[in-house]
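Numbering (the working numbering), first residue to last: 92 to 228.
Even for Gly, the Cβ is constructed at its ideal location relative to N, Cα and C.
Accompanying notes for the structure given below.
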């Protein structure tokens, strides 16, 4: 699936649209199209989102206490999504990482940092919905 269409309502199950949430999810990705697609998907599910174009901008905003979950790309200029997860590990916020380049090292470091899951691009929106449902019920 093209990630740009992830926010398209036809990809979102009726079950997911029915349960409105008040949780705030940070989307951290250097790709504007991915941020927009995830923002649209999250909005269609009833979540509120805060968008950041880098892990550095998320950290500079001191936003970790203002969100309930973080979805971050791994490979970005500056601080990577994996480094972000390692830096905020003590805050006990659910972190979902996305990457087009999964490796055994990434999986190990993500697990050690308490990351809830690593989604491999391109991922199906239902896969993300399932992980969010597991986090927020």
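Out of 167, 212, 223, the CA that lies nearest to the CA of residue 193 is found in 212. Using a C-beta cut-off of 8 Å, the segment 203–223 makes contact with the segment 171–189, since at least three inter-stretch Cβ pairs fall below that distance. Comparing C-alpha distances from residue 165 to each of 197, 183, 132, 154 shows the shortest one belongs to 197. Residue nearest to residue 121 within the set 147, 220, 153 is 147 (criterion: CA-CA distance). With a threshold of 16 other beta carbon atoms within 10 Å, residue 202 falls short and is exposed. For the options 119, 113, 223, the alpha carbon positioned closest to that of residue 170 is the one of 119.
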